[in-house]
Amino acid sequence: MRDAAGQTGADIAPVTRSGGCCPTGLAAQLAAERMTEAGAGRWVRPATQDAVALDLMVPAIRCAACMSAIETGLTNLPGVASARVNLSMRRVRVLFDPASASADAVIARLRALGYEAQPFDAKAMADIDRDTVGRDLLARLGVAGFAMMNVMLLSVAVWSGADAATRDLMHWISGLIALPAIAFAGVPFFRSAILSLRSGRVNMDVPISLAVLLAVGVSLYETAHSGEHAYFDAGISLVFFLLVGRYLDHRTRAVARSAAAELTALSARAATVILPEGGRAAVAIDDLATGALVEVLPGERIPADGVLEWGQSDLDRSMVTGETNPEPVAAGAAVHAGMLNISGPLRIRVSATGEATLLAEIARMIEAAELGKTRYDRWADKASRQYVWGVHVMSCVAFGGWMWATGGDVYRSVMIAAAVLIITCPCALGLAVPAVHAAASGRLFRRGIFLKDGAVLEQLAEVQMVVFDKTGTLTVGQPGLIAAPSDDDPAWPLAAALAEASRHPLAKALAEAARLRGITPAKIDTATEIPGAGVEGRSGAITLRLGRADWVGAGSADTTAVWLRAGDAEPVKFAFADELREDAAETVDWLKSRGLRVAMFSGDAEGPVARAAAATGIEDTRARMSPADKLAALEDLARNGVKVLMVGDGINDAPSLAAAHASMSPVAASDVSRAAAGLVFTGHRLAPVRFAIETAGAARARALENFAFSALYNIVAVPVALFGFVTPLIAALSMSGSSIVVTLNALRIRGFRP
Amino acid sequence: MTILGLLIPVSLLLGAIGLAAFLWSLRSNQYDDLEGDAARILFDEADKPRD
């Protein structure tokens, strides 16, 4: 397997990050890192006779210019038959001739264009992408819409005074259109109502179905007896508006599910096993057996817990423990799944698989945390539970009352009870929350924030405290240069040249810093990486060393610095620190100004934690926390009634993400964390935390307004219906009017400015 | 009022054509990338229907 950067050479200038429209963010970095873990070729699948298809996730596609740049850029590549961007899903599908192009070449071209791409398993996504439920709802919506328009057209004639035979004709035609349309379009409601009644409960669909059936039944009776009032229009528009709500709700969930599935599709990984009889084989991580010998190249993550049998390297443990400093390891060391191998090839004897690994332990903690959490009661559920009973009681009262008042006029009483059911039917209520969720999640999606489902928004709106992890969350999780010799120092070109030969994070950061300073790496003769120590090179007769202090010969134990020694000259120091995200302090300030408590729970040592706390202004900090400590602290807070938003990325954060009232995770986080978090955000800033909280607040406000409006509507409409003043015209107007008002109110979120 | 005998079938027919067109567009995947299709009108070259 090749290093991702190695395919195009390290010298391709990255496309500017300040381009505004098309930044290469953390998602792209993540994708680049993943590339080293799975060869791109295995995602290619046959499409036509002479072409194969490759599906790629390209998170940085944002606009029309990106689309056209990618499509023309890829089509110009020899062997590529077609390239088509899906802007909504941020994906590209490329068809190419396997004889003259390769998956790696396609990805390399995309990278040269400035877009990081990640192949994914399109087959695993196919079920979600086809979205049969969504299409089914849309087709029913279309039929209901068609029928509603035509019936309304005919109703206008009745409202404007058609009578006798003409009215009957209109009613009959309306019925002929409405009956089959309702029979087809109303199926989702009827089915759900029957299911709910069978299990002995009453859900929102019961009064809906009842109202629709009663409206149709009464209208048929009226039409057959040349009556005046037929509610075909109300019945069909009821179905139409409720289907709109149902579809919006489905859409929000489908988008969220597809984002979640994409993230999972990213994590499909294999380990390289060295077979006892010689040779290597790729084995799915789930199928690794205890005792297997696994090879882990630099840049790969360790697939399972085990003991290091051969090799020497540095391990980045930040995903597992939250510690920032890479740890040098040698044969005999115990290693855990999820650690990143940095500098040298390793062979690991798998000592634990499945249930016995650290990861499985974390998974058990996540499960326990989720079980311990009380089931969240969604706003719509709360509202509809009270509503459903109210509606039924009301129409029973109407029927009983009119039976008594009219001395047993069944026809009159049924008509009025039906009118009450129709007018109180939760049209507005059925749209109130789905429309808000759809608008809010669309707004978040456009800013690169993905949410699991609508309930996440409701939970986020309620948080009182925000707990941050440090490494990878408040900080970028990558070292940045904090002290170095001046730019014209002769050490710089040498250091840059040596640093480019290494994959160690400090070396990568040093090379990047040199590039930003415009320093041209010196021409050197050789450069070899010495695992666990640094890089050694030669330039003419001079031996160059770039690496750990004790290896270079500088008397210092500081592990966050790299030293350069050229020949016998005095060593030069380059010091690093894990940089804070650029807007970390700003975000913390904003959270505090909103009256939220802010805390930091970290697995790192006290020193770095205190530094990060001072820089961001967080007073409540705890260091050296194990995953269990974090979980216990969060459960403690929950017991005291504090609703916490947890923001974290490491494997060690995953249980607390699951336990928290709401949770967010950067896209570069470990797989388990992303799976446990309710929201995943892209980009290298913390601003999405603020944006998500603001949007959730706005969504809550809009939902409450919608509920208030629905309540007001019912207060006005129910007495009118109870006293028998509702005509088909009033029913149709009030139903469409209230539905349109709540939808428009929900759409205000799109243009919301805090 | 006999004109109704003509107008009502005509309006129903027109509506049915609209419905059929919608169901056809739904079946031929035209709602898969709404954002992308909105952006595509800005391209000079890509004015061919999708293959």
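Which chain is which? The protein sequence lines are F and B, in order. Numbering-wise, UniProt numbering puts 253 at position 253 of the first sequence, and it's gapless, one number per residue. Numbering-wise, UniProt numbering puts 29 at position 29 of the second sequence, and it's gapless, one number per residue. The C-beta atom is built at its ideal place from N, Cα and C for all residues, glycine as well. As the structure is a computational prediction, the values presented were derived from the model and not from experiment.
If you measure from the beta carbon of residue i to each beta carbon in chain F, is any gap under 9 angstroms?
{"i": "residue 6/B", "result": "no"}
Could you tell me which chain B residues have their CB closer than 8 angstroms to the CB of residue i, listed as they occur along the chain?
{"i": "residue 444/F", "result": "By Cβ distance, chain B contributes nothing, its closest Cβ being about 15 angstroms from residue 444/F, past 8 angstroms."}
{"i": "residue 219/F", "result": "Those within 8 angstroms of residue 219/F in chain B number zero; the least Cβ separation is about 18 angstroms."}
{"i": "residue 88/F", "result": "32, 33, 34, 35 and 36"}
Can residue i be considered in contact with the ligand COA, in the sense that its beta carbon sits closer than 8 angstroms to one or more heavy atoms?
{"i": "residue 322/F", "result": "Ligands are entirely absent from the displayed structure, and the ligand COA is therefore not among its contents."}
Would you mind sorting residue i into buried or exposed? The rule is 16 or more other CB atoms within 10 Å of its CB.
{"i": "residue 35/F", "result": "Residue placement at residue 35/F is flagged as unreliable, the pLDDT there being 41, under the threshold of 50; a coordinate-derived value is accordingly withheld."}
{"i": "residue 24/F", "result": "Unreliable placement is indicated for residue 24/F, whose pLDDT of 38 sits below 50; the coordinate value is still reported in the next sentence. Under this definition residue 24/F is a buried residue."}
{"i": "residue 214/F", "result": "buried"}
{"i": "residue 532/F", "result": "buried"}
{"i": "residue 278/F", "result": "exposed"}
{"i": "residue 107/F", "result": "buried"}
{"i": "residue 470/F", "result": "buried"}
{"i": "residue 165/F", "result": "exposed"}
{"i": "residue 520/F", "result": "exposed"}
{"i": "residue 59/F", "result": "buried"}
{"i": "residue 273/F", "result": "buried"}
{"i": "residue 388/F", "result": "buried"}
{"i": "residue 3/B", "result": "exposed"}
{"i": "residue 109/F", "result": "buried"}
{"i": "residue 225/F", "result": "exposed"}
{"i": "residue 772/F", "result": "Any answer about residue 772/F is impossible in this case: the structure gives chain F only from 1 up to 754."}
{"i": "residue 358/F", "result": "buried"}
{"i": "residue 396/F", "result": "exposed"}
{"i": "residue 326/F", "result": "buried"}
{"i": "residue 432/F", "result": "buried"}
Let me see if you follow: with CB-CB separation under 9 angstroms, is residue i close to chain B or not?
{"i": "residue 307/F", "result": "no"}
{"i": "residue 182/F", "result": "no"}
{"i": "residue 210/F", "result": "no"}
{"i": "residue 63/F", "result": "yes"}
{"i": "residue 749/F", "result": "no"}
{"i": "residue 714/F", "result": "no"}
{"i": "residue 166/F", "result": "yes"}
{"i": "residue 153/F", "result": "yes"}
{"i": "residue 177/F", "result": "yes"}
{"i": "residue 226/F", "result": "no"}
{"i": "residue 20/F", "result": "Any answer about residue 20/F is weak, because its pLDDT of 37 lies below 50 and its placement is not dependable; what the coordinates show is given next. No, its Cβ sits nowhere closer than 9 angstroms to a Cβ of chain B."}
{"i": "residue 169/F", "result": "yes"}
{"i": "residue 25/F", "result": "A caution first: residue 25/F carries a pLDDT of 39, below 50, which makes its placement in the model unreliable, though a value can still be read off. Not one chain B Cβ lies under 9 angstroms of residue 25/F."}
Anything in chain B within Cβ reach of residue i, meaning under 7 angstroms, just list it in chain order.
{"i": "residue 85/F", "result": "36"}
{"i": "residue 173/F", "result": "8"}
{"i": "residue 68/F", "result": "43"}
Residues in the stretch 134-151 of chain F having any Cβ partner in chain B nearer than 7 angstroms | Residues 135, 138, 139, 142, 143, 146, 149 and 150.
Listed from N- to C-terminal order along the chain, which residues in the stretch 7-27 of chain B have their beta-carbon within a distance smaller than 9 angstroms of any beta-carbon of chain F?
-> Against chain F - using a Cβ distance shorter than 9 angstroms - the residues of the stretch 7-27 of chain B are 8, 11, 12, 15, 16, 18, 19, 22, 23, 26 and 27.
Compile a chain-ordered list of the residues in the stretch 491-516 of chain F whose CB is closer than 7 angstroms to at least one CB of chain B.
-> Correct list: empty, as no residue qualifies.
Alpha helix (DSSP H) segments (min. 4 residues) lying fully within the stretch 323-384 of chain F | Fully contained in the stretch 323-384 of chain F are the following alpha helix (DSSP H) runs of length 4 or more, in chain order: 358-372.
Output the residue ranges of the alpha helix (DSSP H) runs that lie fully inside the stretch 518-546 of chain F and measure 4 residues or longer, sorted by chain position.
-> Contiguous alpha helix (DSSP H) elements confined to the stretch 518-546 of chain F do not occur, taking only those with 4 or more residues.
Please list the segments of the alpha helix (DSSP H) lying wholly inside the stretch 373-443 of chain F, counting only runs of 4 or more residues, in order along the chain.
-> Runs of the alpha helix (DSSP H) spanning 4 or more residues and lying entirely within the stretch 373-443 of chain F occur at 379-405 and 410-424, in chain order.
Contained beta strand (DSSP E) runs [length at least 3] in the stretch 606-659 of chain F, N- to C-terminal order | The stretch 606-659 of chain F contains these whole beta strand (DSSP E) runs: 620-622 and 644-647.
Which residue spans inside the stretch 657-736 of chain F form an unbroken alpha helix (DSSP H) run of at least 4?
-> Listed in chain order, they are 671-676 and 687-722.
Taking the runs of the alpha helix (DSSP H) that are 4 residues or longer, which of them lie wholly in the stretch 471-509 of chain F?
-> Taking only runs of at least 4 residues, the alpha helix (DSSP H) segments lying wholly in the stretch 471-509 of chain F are 491-499.
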